[in-house]
Structure formats: C-alpha cells, structure tokens
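*Asks:* All residue numbers for the sequence shown refer to my numbering, where the first residue is 1 and numbers rise by one. Don't be surprised by glycine CBs; every beta carbon is placed ideally from N, CA and C.
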Amino acid sequence: MKISSFDKKVVISLFNQLTPEKTETSTERNGEIDKVALAVRLGKIRFIKQEDQYVDLKALSGDLFDPDVNIDISKEELKRSESAFRVRVHREGVWIVESQYWTGRAWEGIEGISNNVICGFVGDDFVGSGYELDLGREALAAYNSQPLDALGFVIDPFRQE
1 MKISSFDKKV VISLFNQLTP EKTETSTERN GEIDKVALAV RLGKIRFIKQ
51 EDQYVDLKAL SGDLFDPDVN IDISKEELKR SESAFRVRVH REGVWIVESQ
101 YWTGRAWEGI EGISNNVICG FVGDDFVGSG YELDLGREAL AAYNSQPLDA
151 LGFVIDPFRQ E
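1. Taking the alpha-carbon positions, what's the ASP149 to ASP68 distance?
2. Can you list, in chain order, the stretches of the beta strand (DSSP E) that have 3 or more residues and sit fully within the segment 90 to 117?
3. If you drop the 5 nearest sequence neighbours on each side, which residues of the same chain put their C-beta closer than 7 Å to that of LEU78?
4. Would you report the Cα separation of GLY104 and PHE158, rounded to the nearest angstrom?
5. Just confirm the distance between the C-beta atoms of VAL40 and ASP63, as a whole number of angstroms; I'd bet it's less than 8 Å.
6. Are the segment 81 to 89 and the segment 26 to 35 in contact at 8 Å, needing three or more beta carbon pairs?
7. Between the segment 136 to 146 and the segment 95 to 115, do at least 3 Cβ pairs fall closer than 8 Å?
8. Let me check understanding here. Comparing Cα to Cα, which of GLY128, TRP102 and TYR131 lies closest to ILE155?
9. If you count every other CB in all the chains shown that lies within 10 Å of the CB of LEU151, and 16 or more means buried, which is it?
10. Need the endpoints of the alpha helix (DSSP H) that PHE223 sits in, please.
11. For the ligand MG, is there a heavy atom less than 6 Å away from the beta-carbon of VAL117?
12. For the alpha helix (DSSP H) holding ARG29, just list the boundary residues, first then last.
13. DSSP state of ARG236, grouped into three classes?
14. Under three-state DSSP, which class holds GLU21?
15. At what residues does the beta strand (DSSP E) containing ARG159 begin and finish?
16. Could you tell me the alpha carbon to alpha carbon distance between GLN100 and LYS75, rounded to whole angstroms?
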C-alpha cells in the first residue's frame, strides 16, 4: 500500500518529535511515536486533509489582532499582521485533518473512533503542531480493537472464521 505525501510529512514530523532524553515520560512518548509512525507506514492508519469550507476568519483569528488584548504590540503592527494572516489564509487555505484506520475493507473515521478530527489549520500548520501523535493514537487504538492476525494486521471481516 502506498502512503500519501501528507502521511509522509506527518511521519517525518513525528520522528522530529523524538527526544534523546531517557526519562520515563520521554521513553514512553518516543515509543508511542514509533508505533504511530510505523502504523502509518504499514497502511494501518492514515491522516487525511480536507479543506474547511465553513471557516470563519474572525473565529479563526480570535483575539490575535485585538489591540485591547495585545497592549504590548502597536496597532499598526497588529494591522500588518492581520493583513498578512488574511493573505496567507486566502493563499494556503484552512484545513481539517482526520485520522482514520483500515478495517480490512475500507478506511474508517467515524465508527469505533473518537477524538480523531481537528480543524482550523492554515496551510501545513498541522504538520509539526504536536497533534499528529494525539490523532494517530486514536486511529491506532481503533485499528487495534479489531480482530488481528498473528502479525498484528487486521483480518478481513469477510474472511473471518
């Protein structure tokens, strides 16, 4: 199974999150990163990116450009930043990212899985955001809840005995 270019970016981002420290927490996190990245590379889970057609620019930017909240930034700088943000949103789009798992017959992102969708990312901002592991964990847990063979691959539901 061939993985998408977006999945490749996510896997690279996951590997960039590995830490050389040897604490209990970092070792556990590194193990989870390895499991999610391997699951993507083996075609067990995937990440898909879809355009967010219902995005509200005001809701997306929140109070980022509000001079009453950002009192340490000049109004002119806030206006320039807001203008640059609008241009970037128009140029790169706003995206929803969903993690899915393979059922043996089709990709699933609704049944048997939760907390696997996040929205409001401009361009490729999802990659490197830290949410890759969260969404990947959910998809891998859903994948692993299915009947698996001795090698850890899902058993085709129509070939189960």
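*Replies:* According to the structure shown:
1. Using only the alpha carbons, I get a separation of about 59 Å.
2. For the segment 90 to 117, whole beta strand (DSSP E) runs of length 3 or above, ordered along the chain, are 94 to 102.
3. Only PHE65, PRO67 and ASN70 meet the Cβ criterion.
4. Counting only the Cα atoms, PHE158 lies some 9 Å from GLY104.
5. VAL40 to ASP63, Cβ: 35 Å. No contact.
6. Touching, no, given that fewer than three Cβ pairs across the two stretches are closer than 8 Å.
7. For the pair of segments examined, the segment 136 to 146 was found to touch the segment 95 to 115: the number of CB pairs separated by less than 8 Å reaches three.
8. For the residues GLY128, TRP102 and TYR131, the minimum Cα distance to ILE155 belongs to TRP102.
9. Flag for LEU151 reads exposed.
10. Outside the shown range of the chain (1 to 161) lies residue 223, about which nothing can therefore be said.
11. As far as ligands go, the structure on display features none, and thus does not contain the ligand MG.
12. Start and end: 24 to 41.
13. Because the chain spans 1 through 161 in this model, residue 236 falls outside it and cannot be assessed.
14. Three-state DSSP puts GLU21 in coil, outside helix and strand.
15. Looking at the DSSP string, ARG159 is not in any beta strand (DSSP E), and its letter there is neither H nor E.
16. Computed Cα separation, rounded: 43 Å.
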